[in-house]
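Visitor:
Printed below as a string of structure tokens:
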């Protein structure tokens, strides 16, 4: 099991989802004392979300990971107001969270065109500063990528997430018959007849103890945070990582996945969720599926099957439970329809909530003037 984890981390290394950068705003320009001239302000350092950018491209293009804005021009007889220093723009992918070295959030880039200032330029010299300029802000920042997707696939290794994604969309993830096939996140697009597109992220497989950063650990779990909904994927026959680990039933797999999410960040369990029960083409799959559905109707009655420390505080309520087979395409269209309905229902609910809050706000403002 340790050996698998090391291999996974080596292969995962080609995908970069965090960077540590040095940024510095430009220094301000000198003021001109005898004529009261003001030096130019130093340039700022910005991070700007753009399409077609990856963290790896950013690191390869700027291996020293240092970004410095231009200095402000000195005040002179020809130009009493010094020119402002040139801003430095760092192009980054959508889905970036930016923090300082202490973990405090500076800003987030959730869509193309979003901008966050990460280092301010220094002030130019003026009367209030005795015509002396100030240096630009300098600090270390961290950029952390969290994928933005409509649906995030959650499952243990070999549950068939990659195979399922390849059937649902045009994505072509690498698929093999061994644990940790998915070494890096993969996003596919579900296409519908009315041209609606839904993004689905296939994320590296969890293992027990992922919340403690075992296996892919936090490299997986942080990407779950920005998905609108979760799609649990379990093997109807159960799951066993290796001969040294216990065989888990499909019911146990669902509960253990819930517990890993809960231990990492309990808010994740408040996301709407669906359950795809995969490999329905295998022998006795129908009987096992019926047992799973019965167990999920009253999950607490079967918690004795789990180790006490891995029992979730509350069970996940699935909006849809869909039997599928990625290898035979059984249930794939039904799953696509359920995903679409679940997201449409969520949008309708959010729009209704937004309208309600707007009405409440208008009534509150109106009452002030009565």
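Numbering (this note's numbering), first residue to last: 88 to 457. Glycine included, every Cβ here is placed at the ideal spot set by N, Cα and C.
Cα separation between residue 426 and residue 413?
Guide: 16 Å
Visitor: Would you decide whether residue 189 is buried or exposed? Buried here means 16 or more other CB atoms lie within 10 Å of its CB.
Guide: exposed
Visitor: Taking just the CA atoms, how far does residue 439 sit from residue 448?
Guide: 14 Å
Visitor: According to DSSP, is residue 423 part of a helix, a strand, or is it coil?
Guide: helix
Visitor: With DSSP as the reference, label residue 401 as helix, strand or coil.
Guide: coil
Visitor: Specify the secondary structure class of residue 320 as computed by DSSP and reduced to three states.
Guide: strand
Visitor: So for residue 367, helix, strand or coil by DSSP?
Guide: coil
Visitor: Hey, would you say residue 338 sits closer than 8 Å to residue 385, going by beta carbons?
Guide: No. Outside cutoff.
Visitor: Should residue 415 be labelled buried (16 or more other beta-carbon atoms within 10 Å of its own) or exposed?
Guide: exposed
Visitor: Just the C-alpha distance for residue 268 and residue 195, rounded to the nearest angstrom, thanks.
Guide: Bear in mind that a pLDDT of 43 at residue 268, under 50, signals an unreliable position, so the number given afterwards is only what the model happens to contain. Going by the C-alpha atoms only, they are around 30 Å apart.
Visitor: Is it the case that the Cβ atoms of residue 227 and residue 109 are separated by a distance below 8 Å?
Guide: It is a contact, given that the beta carbons lie within the stated cut-off.
Visitor: Please report how far the alpha carbon of residue 278 lies from the alpha carbon of residue 256, in whole angstroms.
Guide: Rounded to the nearest angstrom, the two C-alpha atoms are 7 Å apart.
Visitor: Using DSSP bridges, identify the partner residues of residue 141.
Guide: Beta-bridge pairing links residue 141 to no other residue.
Visitor: Keeping to the same chain, check which residues put their C-beta closer than 6 Å to that of residue 346; ignore five residues upstream and five downstream.
Guide: 397 and 399
Visitor: Taking all protein chains shown into account, do 16 or more other C-beta atoms lie within 10 angstroms of the C-beta of residue 314, making it buried, or fewer, making it exposed?
Guide: Buried: at least 16 other Cβ atoms inside 10 Å.
Visitor: Check whether the segment 278-288 touches the segment 320-338, counting contact only when three or more Cβ pairs, one atom from each stretch, lie closer than 8 Å.
Guide: In short, these stretches do not touch, since the Cβ pair count stays below three.
Visitor: Is residue 376 close to chain B, meaning its C-beta is less than 8 Å from at least one C-beta of that chain?
Guide: Included in the structure is just one protein chain, with no chain B present.
Visitor: Would the beta-carbon of residue 103 fall within 8 Å of that of residue 146?
Guide: yes
Visitor: Where does residue 168 fall in DSSP's three states?
Guide: strand
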